[in-house]
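**Q** So in UniProt numbering the end of the sequence shown lands on 213, straight run, no missing numbers. Heads up, the beta-carbon is just placed ideally off N, CA and C, and yes, glycines get one too. Keep in mind it's a predicted model, so treat the numbers as computed, not measured.
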Amino acid sequence: MDPTKVSSSIGTTLPKVNDPKKGKEEDCHSPICEDAGNAIDAYRGWYENTMNKGNKDKSKNSSNDTSNNDSKNDNNGSSNTKNKTSFHMFVPMAPDRQQLGRHTWTLLHTQSVYYPEKPTDEEKQDMNTFLHVLAKVYPCKVCGADLQYLLEQYPPQLDSRNDFAYYMCVIHNKVNQQLNKPSFDCSLDSIYKRWRRDYTDDRHDIQEPNLDE
């Protein structure tokens, strides 16, 4: 499909994402819907308990020699401090719904700009299946239901890389409109600059879509 036709096929007005048949946001009781602060506190407790248990086990197997014990205790103390520091520096925060959403959009946009320029029927089917399965198994059930609803209302445009990249940007903007967030520039040049690492400004083979928003 010509990218210039994608906008009209998607439509200019997005119905309420939370279809009454799908449930409401406040009905989300999954841990993914909790604030990330709660998740990181819980994980911190598990992490520190695990590290402390490991240090205690090492102490039980250590020599009874006083000097060795003193040395090991000092090492354990520095190890505990290092472990706590390592936790804050290297253990990523367990994501909440907003963080998961941002990373999911990153995945989807990146997939769209690396999608084949001339996909085979099998590649089209694979991507279509992936999008629907992702919506079905998404950890945030309310979010997944919203994505399923969007895919039903606006079927993925998978005839070419340009179609898919533009489609994904427009769909993202539809969601942002519902959340009162800013819209992205959906010119293909902007999309590729943002999401494709090998894209350069001197490319002139990108046919810009006619944005009818």
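Applying the 10 Å Cβ sphere with the 16-neighbour rule, what's the burial state of Pro156?
**A** Mapped onto the sequence shown, residue 156 falls at position 156. Pro156 should be labelled buried.
**Q** Going by C-alpha distance, which of Ile191, Lys174, Ser190 and Asp189 is nearest Ser183?
**A** Position 183 of the sequence shown, counted from the start, is the residue given in the question as residue 183. Checking every option, the nearest Cα to that of Ser183 belongs to Lys174.
**Q** Does the pairing of the region 142-150 with the region 187-203 give three or more beta-carbon distances under 8 Å?
**A** Cβ pair count under 8 Å is below three, so no.
**Q** Assign His103 to buried or exposed, taking buried as 16 or more other Cβ atoms, counted over all protein chains shown, within 10 Å of its Cβ.
**A** Within the sequence shown, numbered from 1, the residue matching residue 103 stands at position 103. His103 comes out exposed.
**Q** Report all residues from its chain with a CB closer than 7 Å to the CB of Glu117; omit the five preceding and five following residues, and keep chain order.
**A** Counting from 1 along the sequence shown, the entry for residue 117 is found at position 117. Closer than 7 Å at Cβ, skipping near neighbours: Ser160 and Arg161.
**Q** From Leu107 to Glu48, what does the alpha carbon distance come to, in whole angstroms?
**A** Translated into positions along the sequence shown, residue 107 becomes position 107. Translated into positions along the sequence shown, residue 48 becomes position 48. Cα to Cα, the separation comes out at about 32 Å.
**Q** Sorted by chain position, which residues of the same chain lie with C-beta nearer than 7 Å to Cys186's C-beta, five sequence neighbours on each side aside?
**A** For the purposes of this step, residue 186 is identified with residue 186 of the sequence shown, where counting begins at 1. Only Tyr166, Cys169, Val170, Asn173 and Leu211 meet the Cβ criterion.
**Q** With burial defined as no fewer than 16 other Cβ atoms inside 10 Å of the residue's Cβ, what is the status of Leu179: buried or exposed?
**A** If you number the sequence shown from 1, residue 179 lands on position 179. Exposed is the call here.
**Q** Going by CA-CA distance only, name the one from Asp121, Tyr149 and Asp163 that's closest to Leu134.
**A** Taking the first residue of the sequence shown as position 1, residue 134 is located at position 134. With distances taken between Cα atoms, Leu134 lies closest to Tyr149.
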